[in-house]
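Asks: Before I ask anything, let me first share the structure, which is written out below as structure tokens.
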Amino acid sequence: MGTKMKAKFDGMCKNCGEEWHVGNEIFYQKDPKAICADQECFKSQGGSLEFRSNYNRPAQQTSFYREKIKFNLPHVDVPEGVTQSAETLVAVITKADQLARMFYPELDSESQVFGQIRSKLVDQLLVVIFNEYKSR
Ligand SMILES: [Zn+2]
0 MGTKMKAKFD GMCKNCGEEW HVGNEIFYQK DPKAICADQE CFKSQGGSLE FRSNYNRPAQ
60 QTSFYREKIK FNLPHVDVPE GVTQSAETLV AVITKADQLA RMFYPELDSE SQVFGQIRSK
120 LVDQLLVVIF NEYKSR
């Protein structure tokens, strides 16, 4: 797999003649070797990119790019009680989503801010539910 990187040296593509300088974005793959500042030329040399979808995103979204983090999930049987709690949680999230849409009808529901508001409402709903449960 190749990667997009900043050039550490000035260089020129043996394939298409494209030149690049230190700090320019280039496409580089060690094996099989492929290198060019031009993505199409890089591909024509047998180069491929690991996070291809990220490079095709609009420029203003690149700041949201995150590195992959390894997550180890142990294999355990999920007890019935946990499944029931999860169903309660899903219901609470659904309700919080409805509330967020009601309070902020013009806010993009796919936005990070909307997600934060919804998440906060989930917390608050859980506190209310817990307090009502306790007072029974
Ligand atoms: Zn080239």
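Taken in order, the sequence shown gives residues 0 to 135; the numbers are from numbering that gives the first Met the number 0.
We put the beta carbon where it would ideally sit given N, CA and C, even for glycine.
Model, not experiment: these values are computed from the prediction.
Tell me where the beta strand (DSSP E) around Tyr-27 begins and ends.
Replies: 24 to 28
Asks: Give me, in chain order, the residues of the same chain whose beta-carbon lies closer than 6 angstroms to that of Lys-176; leave out the 5 immediate sequence neighbours on both sides.
Replies: In the structure as shown, the chain begins at 0 and stops at 135. Residue 176 is therefore absent and cannot be evaluated.
Asks: I'd like to know if the region 95 to 114 and the region 80 to 87 are in contact, where contact means that at least 3 CB-CB pairs between them fall below 8 angstroms.
Replies: no
Asks: Quick check: the Cα distance between His-20 and Pro-31, rounded to an integer number of angstroms?
Replies: Take the alpha-carbon of His-20 and the one of Pro-31: they are about 23 angstroms apart.
Asks: Please confirm whether Ile-116 has its beta-carbon closer than 8 angstroms to some beta-carbon of chain B.
Replies: This model lacks chain B altogether; it includes just one protein chain.
Asks: Mapping the DSSP letters down to three states, classify Cys-12 as helix, strand or coil.
Replies: coil
Asks: Within 10 angstroms of the Cβ of Gln-115, are there 16 or more other Cβ atoms? Answer buried if so, exposed if not.
Replies: Per the 10 Å Cβ criterion, exposed.
Asks: Taking 8 angstroms as the threshold (C-beta atoms), are Leu-88 and Leu-120 in contact?
Replies: No, the pair does not count as a contact, with Cβ atoms beyond the cut-off.
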